[in-house]
Structure formats: C-alpha cells, structure tokens
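Chemist: Following this message is one structure expressed as structure tokens.
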Amino acid sequence: MMNVKLRKAITLSMLLAIAIVLNLIEYQITGFIPVPGAKLGLANIVVLIVLFTFGFKEAFVIAVLRVVIASLLSPGRFLGPTFYMALTGGILSVLVMWLFKQVKFFGVPGVSLFGSLAHVFGQFAMGLIVIGEGLIMWLPLMLVLGIVTGFIIGLIARQFIKITEGWFSKDIVSSQKKKENNKDDFID
Numbered sequence: 111m112m113n114v115k116l117r118k119a120i121t122l123s124m125l126l127a128i129a130i131v132l133n134l135i136e137y138q139i140t141g142f143i144p145v146p147g148a149k150l151g152l153a154n155i156v157v158l159i160v161l162f163t164f165g166f167k168e169a170f171v172i173a174v175l176r177v178v179i180a181s182l183l184s185p186g187r188f189l190g191p192t193f194y195m196a197l198t199g200g201i202l203s204v205l206v207m208w209l210f211k212q213v214k215f216f217g218v219p220g221v222s223l224f225g226s227l228a229h230v231f232g233q234f235a236m237g238l239i240v241i242g243e244g245l246i247m248w249l250p251l252m253l254v255l256g257i258v259t260g261f262i263i264g265l266i267a268r269q270f271i272k273i274t275e276g277w278f279s280k281d282i283v284s285s286q287k288k289k290e291n292n293k294d295d296f297i298d
C-alpha cells in the first residue's frame, strides 16, 4: 500500500497538471476578452479546490508552480512582464483567499471574489513597475471583470468541491478541513 505522503503528492501533482492545462487554454482564448491580457481565472478553480480541501500551503505551492510551469510552456512569457504580473497576482490572491476563508463568513464564491480582486491589484501593482502608468486606465474595467469572474469561478469551484468530496483519501485530507467545507456560509 502506498504511503500517505506519496498519495498526497500524486493527488496534488494531478491537480497542478489540471491547473496548468486550464492556464494554457486561457492563453489561447484571451483574445475574446475586451481587455488586453485579461483572463477568466479558470486555473483558480483548482487553487480554490486545493485551498478548501488541503489548505493554504498546498494552494500556495499550486498557485506559484502553475504560473512558473505554464509560463515556461508558453514562448516569451517566462521572466517577462506578464510572468511577474501573474506571479504577484497569484501570490496575493492566495494570501487574500486564505485570510477571507479564515473569517468563516464567506463561502467559496465570496473567497474567490476577494481573491480575484487581490489578483487584479497585485497584477496592477507589478504592472506599474514593469510596464508603466499607461496600464492604470484598464483598472476599473479589470475590477469589474474580476468581480464577475471571481464570483463565477467561485461558484464553479464550490460545485467541484461538493462533487469531489470523498474522492481524496481521508488520510491525506484532515477531517477538520472537510467539516469546515460543509458548513453553511453567507456567500455560499
């Protein structure tokens, strides 16, 4: 029988692979969004699943590795301006989602919405450094897009969390985390 750490590593690796694929798909469909460089945040479905199922540390690692690996697989993105913007947004997003999850007032959609807004602010802060002030004109539109997509991504993630409950071995996911996920939240 496989040990617990190995099963957890395999499970998280599969979730990371899904996040990377979703990220790469988004690179291909960004032309349909009227804001330059804007993405829907599909890979954040996986980050939310990991945050609510496994915890902060695992979600943080998934978010960072997803940005690094997806940018390595996309010519011209690694260590370019969009890489630093995505990395900053991703890190800030996971931190904010974890904080709002701790409040225990917001469900998955609410946590996702605030994470999306944090991602926008993180990207813009880094964008001002690596691209310049011309980027600021897109902030209002990005915030509106972030609110809408953040909430929708949260709704989708909530459904996946409900569907996948029980898929992960009890020994790799603490029963306390499962209890936290089953409570009725305000924005749930």
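Residue 111 is where the sequence shown starts when you use the working numbering, and the numbers rise one by one after that.
Where is the CB? At the ideal position from N, CA and C, for every residue including glycine.
Bear in mind that the values here come from a model prediction, so they are computed numbers and not experimental data.
1. Is it buried or exposed for Val206, if we count other Cβ within 10 angstroms and need 16 for buried?
2. Decide if the region 114 to 134 is in contact with the region 236 to 245; the criterion is three or more beta carbon pairs, one per stretch, under 8 Å apart.
3. Looking only at its own chain, which residues have a Cβ that is under 7 Å from the Cβ of Ile266, when we skip the five neighbours before and after it?
4. How many whole angstroms separate the CB atoms of Leu202 and Ala228, which I take to be in contact at a CB cut-off of 8 Å?
5. Return the first residue and the last residue of the alpha helix (DSSP H) that Leu245 is part of.
6. Do Leu158 and Gly232 come within 9 Å of each other at the CB atom, strictly closer than that value?
7. Using three-state DSSP, classify Leu150 as helix, strand or coil.
8. Indicate the three-state DSSP secondary structure (helix, strand or coil) for Pro68 in the structure shown.
9. Could you check whether Pro185 and Gly237 sit closer than 9 Å to each other, using their CB atoms as the reference points?
10. Tell me whether the beta-carbon of Phe215 lies closer than 9 Å to the beta-carbon of Gly225.
11. Val230 and Gly256 look like a contact to me (Cβ under 8 Å); what is the Cβ gap, rounded to whole Å?
12. With respect to the alpha helix (DSSP H) encompassing Asn113, which residues constitute its N-terminal and C-terminal limits?
13. Under a three-way DSSP split, which group does Phe278 fall into?
Modeler: Let me spell this out:
1. The residue given as residue 206 occupies position 96 in the sequence shown. Counting Cβ neighbours within 10 Å, Val206 comes out buried, since at least 16 surround it.
2. no
3. If you number the sequence shown from 1, residue 266 lands on position 156. Answer for Ile266: Ile155, listed in chain order.
4. Counted from its first residue, the sequence shown places residue 202 at position 92. Counted from its first residue, the sequence shown places residue 228 at position 118. Correct: roughly 5 Å between the Cβ atoms.
5. Along the sequence shown, one-based indexing puts residue 245 at 135. It is not in any alpha helix (DSSP H) - Leu245 carries neither H nor E in the DSSP assignment.
6. As a working note, residue 232 is residue 122 in the sequence shown. As a working note, residue 158 is residue 48 in the sequence shown. Taking 9 Å as the Cβ cut-off, Gly232 and Leu158 do not qualify as a contacting pair.
7. As a working mapping, residue 150 is identified with position 40 in the sequence shown. Three-state result, Leu150: coil.
8. In this structure the chain extends from 111 to 298, so residue 68 is not present and cannot be described.
9. Here residue 237 corresponds to residue number 127 of the sequence shown, with the count starting at 1. Here residue 185 corresponds to residue number 75 of the sequence shown, with the count starting at 1. Against a cut-off of 9 Å, the Cβ pair of Pro185 and Gly237 comes out as no contact.
10. Taking the first residue of the sequence shown as 1, we reach residue 215 at position 105. Taking the first residue of the sequence shown as 1, we reach residue 225 at position 115. Cβ distance not < 9 Å, so Phe215 and Gly225 don't count as in contact.
11. Numbered from its first residue, the sequence shown carries residue 230 at position 120. Numbered from its first residue, the sequence shown carries residue 256 at position 146. Their Cβ separation, rounded to whole angstroms, is 4 Å, which keeps Val230 and Gly256 in contact under 8 Å.
12. Working through the sequence shown from its first residue, we reach residue 113 at position 3. Unbroken run through Asn113: none, as it is neither H nor E.
13. Along the sequence shown, one-based indexing puts residue 278 at 168. Coil at Phe278, not helix or strand.
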